[in-house]
Amino acid sequence: MHYDAKPLEYCEEETKSFAKKILIYKKTCFRYEREYRTILESSDGKYLPIRICRITLGRRFATKTKTNEATENGDFDANDTSIKIARKFAQKIRKSSGYKELPEFCAYKSKYSKKTQKIPPNVLEVESYF
Numbered sequence: 731m732h733y734d735a736k737p738l739e740y741c742e743e744e745t746k747s748f749a750k751k752i753l754i755y756k757k758t759c760f761r762y763e764r765e766y767r768t769i770l771e772s773s774d775g776k777y778l779p780i781r782i783c784r785i786t787l788g789r790r791f792a793t794k795t796k797t798n799e800a801t802e803n804g805d806f807d808a809n810d811t812s813i814k815i816a817r818k819f820a821q822k823i824r825k826s827s828g829y830k831e832l833p834e835f836c837a838y839k840s841k842y843s844k845k846t847q848k849i850p851p852n853v854l855e856v857e858s859y860f
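The sequence shown begins at 731 in our numbering and counts up one residue at a time.
See the structure below:
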């Protein structure tokens, strides 16, 4: 990963190299995540297609600031920021041509939850969760 405080500058003439930079770039404030990424390039110079299997939304997305047994064992809150963001991701993925089924979505139920929990697919359906 390459960390930098300022965003990358787009250069239309160097689309391929810019795409690679985006894949390895993160803002400095996310260094604590200690993320690793593997980027493979085929022999013809094209990036190999990837399939996203799981999306995990970190603690900073959770709205609740207190955790207890009721919170951890209860349903996800439909108004929680992590659920709203997960729904937006799911909506974009559904519209993309390369996905027949959604990846697994996980999130923390509060900022102090000890572990992530799987977001049930019905929660990602806007109409069915209200």
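Glycine included, every Cβ here is placed at the ideal spot set by N, Cα and C.
**Asked** Taking all protein chains shown into account, do 16 or more other C-beta atoms lie within 10 angstroms of the C-beta of residue 849, making it buried, or fewer, making it exposed?
**Response** Position 119 of the sequence shown holds residue 849. Counting Cβ neighbours within 10 Å, residue 849 comes out buried, since at least 16 surround it.
**Prompt:** In chain order, what residues of the same chain have a beta carbon less than 8 Å from the beta carbon of residue 804, not counting five sequence neighbours either side?
**Reply:** Locating residue 804 in the sequence shown gives position 74, counting from the first residue. Closer than 8 Å at the Cβ level, and outside the excluded window around residue 804, lie 839.
**Asked** Taking the alpha-carbon positions, what's the residue 754 to residue 734 distance?
**Response** As a first step, residue 754 must be located in the sequence shown, where it is residue number 24. As a first step, residue 734 must be located in the sequence shown, where it is residue number 4. Going from the Cα of residue 754 to the Cα of residue 734 covers about 11 Å.
**Message:** For residue 747, count the other beta carbons within 10 Å of its own beta carbon; 16 or more makes it buried, fewer makes it exposed. Which is it?
**Reply:** Position 17 of the sequence shown, counted from the start, is the residue given in the question as residue 747. Exposed.
**Prompt:** In its own chain, which residues sit with a C-beta less than 8 Å from the C-beta of residue 845, not counting the 5 before and 5 after it?
**Reply:** Numbered from 1 along the sequence shown, position 115 holds the residue referred to as residue 845. Here the set comprises 838.
**Message:** Going by the DSSP bridge assignment, what does residue 822 pair with across the sheet?
**Reply:** Looking up residue 822 in the sequence shown gives position 92. Note: residue 822 sits in no beta bridge, so no partner.
**Message:** To the nearest angstrom, how far is the alpha carbon of residue 783 from that of residue 790?
**Reply:** Translated into the one-based positions of the sequence shown, residue 783 becomes position 53. Translated into the one-based positions of the sequence shown, residue 790 becomes position 60. Each residue's Cα considered, the two are about 21 Å apart.
**Asked** Just reading off the beta strand (DSSP E) that residue 846 is part of, what are its end residues?
**Response** Within the sequence shown, residue 846 is the residue found at index 116, counting from 1. Careful: residue 846 lies outside any beta strand (DSSP E) and carries neither H nor E.
**Proximity of residue 787 and residue 769 at Cβ, strictly below 8 Å** = Start at 1 with the first residue of the sequence shown, and residue 787 comes out as number 57. Start at 1 with the first residue of the sequence shown, and residue 769 comes out as number 39. No, the Cβ-Cβ distance between residue 787 and residue 769 is not below 8 Å.
**Asked** When the Cα of residue 797 is compared with those of 842, 732 and 847, which residue comes out closest?
**Response** Residue mapping note: residue 797 aligns to position 67 of the sequence shown, counting from 1. Measuring from the Cα of residue 797, the nearest candidate turns out to be 842.
**Message:** Would residue 853 and residue 813 qualify as a contact pair, given that the criterion is a beta-carbon distance under 8 Å?
**Reply:** Position 123 of the sequence shown holds residue 853. Position 83 of the sequence shown holds residue 813. Yes, the pair counts as a contact, with Cβ atoms nearer than the cut-off.
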